[in-house]
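Asker: Questions regarding the structure given below will be posed in turn.
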Amino acid sequence: NAGVTQTPKFQVLKTGQSMTLQCAQDMNHNSMYWYRQDPGMGLRLIYYSASEGTTDKGEVPNGYNVSRLNKREFSLRLESAAPSQTSVYFCASSEQDTYTEAFFGQGTRLTVV
Amino acid sequence: RKEVEQDPGPFNVPEGATVAFNCTYSNSASQSFFWYRQDCRKEPKLLMSVYSSGNEDGRFTAQLNRASQYISLLIRDSKLSDSATYLCVVEFMDSNYQLIWGAGTKLIIKP
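Keeping their order, the protein sequence lines are chains B and S.
Residues in the first sequence are numbered consecutively from 1, following the numbering used here.
Residues in the second sequence are numbered consecutively from 1001, following the numbering used here.
What follows is the structure in structure tokens.
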């Protein structure tokens, strides 16, 4: 029972490089989310997708793009990485956009040098 | 600014003791509240929802105080395995549905 799987677990990028974080869930959830977690701060929502085919900006969307490829997959892309994007990134899913329990992936530790 | 504030701790508590911590929120219209648990370098996991009347799940009790705009988490008979960071989550109701996360309270249970 995989739940939410995100890859990679660790990544080091140079400033200006691009990368895509992958996320997939096998719980048939409608809603998916990308968060970042920084020391001393709560999780902050980057983007979310309430259902397949829709995406919306969260609190901190600048520098990121997302794709809801299908119901299972929601990817996050950094087009030109900056040191300020060094963070731990979590993908999550929930049954619907009104709040139900969110299930998280194991996180991606990204360092931009 | 939407705010959810937690004491970062750490709370160092002997095994078997009772510990409580609060979370304050700024939006009086908030309707939904949750406690998540996050182990070191792991993902958050839902611990419990917080209902208006308060709710209990084993050794854990969650309370909501709307007048003072805070929620609390009480852990009785603490276990070593309770050591974790506890994240408060508050639903803010405005033009967009939003969940705002506190930065967490770190709890260390000592033998």
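Positions of the beta carbon are idealized from the N, C-alpha and C atoms, including for glycine.
1) Using a Cβ-Cβ cut-off of 8 Å (strictly less than) and excluding sequence neighbours within five positions of B/Leu56, which residues of its own chain qualify?
2) With DSSP run on the structure shown, which of helix, strand or coil describes S/Ser1053?
3) DSSP on S/Ser1081, reduced to helix/strand/coil?
4) Report back the beta-carbon spacing between B/Glu79 and B/Cys23 to the nearest angstrom; my notes put them in contact at under 8 Å.
5) Ordered along the chain, which non-local residues of its own chain (more than five positions away) have a Cβ less than 7 Å from that of B/His29?
6) Determine the burial state of B/Glu101: buried for a count of at least 16 other Cβ atoms within 10 Å of its Cβ, exposed for fewer.
7) When you compare the CB of S/Pro1111 with every CB in chain B, is at least one pair closer than 8 Å?
8) As an exercise, report each continuous beta strand (DSSP E) stretch of at least 3 residues that is fully enclosed by the segment 40-69 of chain B, in chain order.
9) Measure the C-alpha to C-alpha separation of B/Tyr35 and S/Gln1038 and round it to an integer number of angstroms.
10) DSSP three-state call for S/Ser1026: helix, strand or coil?
11) Using the DSSP secondary-structure output, state which residues sit across from B/Ser94 in a beta bridge.
12) Shorter than 8 Å from the beta carbon of B/Leu22 to some beta carbon of chain S?
13) Whole angstroms is fine: what's the gap from B/Ser87's alpha carbon to S/Val1090's?
14) S/Lys1106 lies in the beta strand (DSSP E); which residues open and close that run?
15) Cβ closer than 9 Å: which chain C residues qualify as neighbours of B/Phe90?
16) Per the contact definition of three or more C-beta pairs closer than 8 Å, is the segment 1074-1089 of chain S in contact with the segment 1024-1042 of chain S?
17) Determine the contact status of S/Ser1030 and S/Phe1092, defining contact as a CB-CB distance below 8 Å.
18) Answer with yes or no whether the minimum CB distance from B/Leu110 to chain S is below 8 Å.
19) In terms of residue numbering, what span does the beta strand (DSSP E) encompassing S/Ala1062 cover?
20) May I ask you to report which of helix, strand or coil DSSP gives B/Gln17?
21) Quick test of the definition: if touching needs 3 or more C-beta pairs under 8 Å, does the segment 1010-1020 of chain S touch the segment 1077-1086 of chain S?
22) With DSSP as the reference, please indicate the residues paired to S/Val1072 in a beta bridge.
Answerer: The relevant details are as follows:
1) Position 56 of the first sequence, counted from the first residue, corresponds to residue 56 of chain B. At residue 56 of chain B the sequence reads Asp, which differs from the Leu that was named. Around B/Asp56: Tyr47, Tyr48, Ser49 and Ala50.
2) Against the second sequence, residue 1053 of chain S aligns to sequence position 53. S/Ser1053 falls in the coil class under three-state DSSP.
3) Within the second sequence, numbered from 1, the residue matching residue 1081 of chain S stands at position 81. Helix.
4) Reading the first sequence from its first residue, position 79 is the one you call residue 79 of chain B. Reading the first sequence from its first residue, position 23 is the one you call residue 23 of chain B. The distance from the Cβ of B/Glu79 to that of B/Cys23 is about 18 Å, inconsistent with a contact at the 8 Å cut-off.
5) The sequence position of residue 29 of chain B within the first sequence is 29, counting from 1. Around B/His29, the same chain offers Ser93, Ser94 and Glu95 as residues with beta carbons nearer than 7 Å, after the five sequence neighbours per side are excluded.
6) Sequence index remark: in the first sequence, residue 101 of chain B carries index 101 (1-based). Label assigned to B/Glu101: exposed.
7) Against the second sequence, residue 1111 of chain S aligns to sequence position 111. By this cut-off, S/Pro1111 is not an interface position.
8) You should have 44-49 and 64-68.
9) Here residue 35 of chain B corresponds to residue number 35 of the first sequence, with the count starting at 1. Here residue 1038 of chain S corresponds to residue number 38 of the second sequence, with the count starting at 1. Approximately 14 Å between the Cα atoms of the pair.
10) The residue you call residue 1026 of chain S lines up with position 26 of the second sequence. Note: S/Ser1026 maps to coil in three-state DSSP.
11) Stepping through the first sequence from its first residue, residue 94 of chain B is reached at position 94. Answer is B/Ser31.
12) What you label residue 22 of chain B is simply residue 22 of the first sequence in a count that begins at 1. According to the sequence shown, residue 22 of chain B is Gln rather than Leu. No, no contact with chain S.
13) Reading the first sequence from its first residue, position 87 is the one you call residue 87 of chain B. Reading the second sequence from its first residue, position 90 is the one you call residue 1090 of chain S. Each residue's Cα considered, the two are about 22 Å apart.
14) For the purposes of this step, residue 1106 of chain S is taken as the residue at position 106 of the second sequence. Bounds of the beta strand (DSSP E) holding S/Lys1106 are Thr1105 to Lys1110.
15) Among the protein chains of the structure shown, namely B and S, there is no chain C.
16) Yes, they touch.
17) Translated into the one-based positions of the second sequence, residue 1030 of chain S becomes position 30. Translated into the one-based positions of the second sequence, residue 1092 of chain S becomes position 92. At a Cβ-Cβ threshold of 8 Å, S/Ser1030 and S/Phe1092 count as neighbours.
18) Walking along the first sequence from the start, residue 110 of chain B turns up at place 110. Closer than 8 Å: no.
19) Position 62 of the second sequence, counted from the first residue, corresponds to residue 1062 of chain S. Here the beta strand (DSSP E) through S/Ala1062 covers Phe1060 to Asn1065.
20) The residue labelled residue 17 of chain B in the question sits at position 17 within the first sequence. When secondary structure is reduced to three states using DSSP, B/Gln17 falls in the coil class, being assigned neither helix nor strand.
21) Contact between the segment 1010-1020 of chain S and the segment 1077-1086 of chain S is present, because at least three Cβ pairs lie under 8 Å.
22) Counted from its first residue, the second sequence places residue 1072 of chain S at position 72. Note on identity: in this sequence residue 1072 of chain S is Ser, with Val being the wrong assignment. Answer is S/Asn1022 and S/Gln1063.
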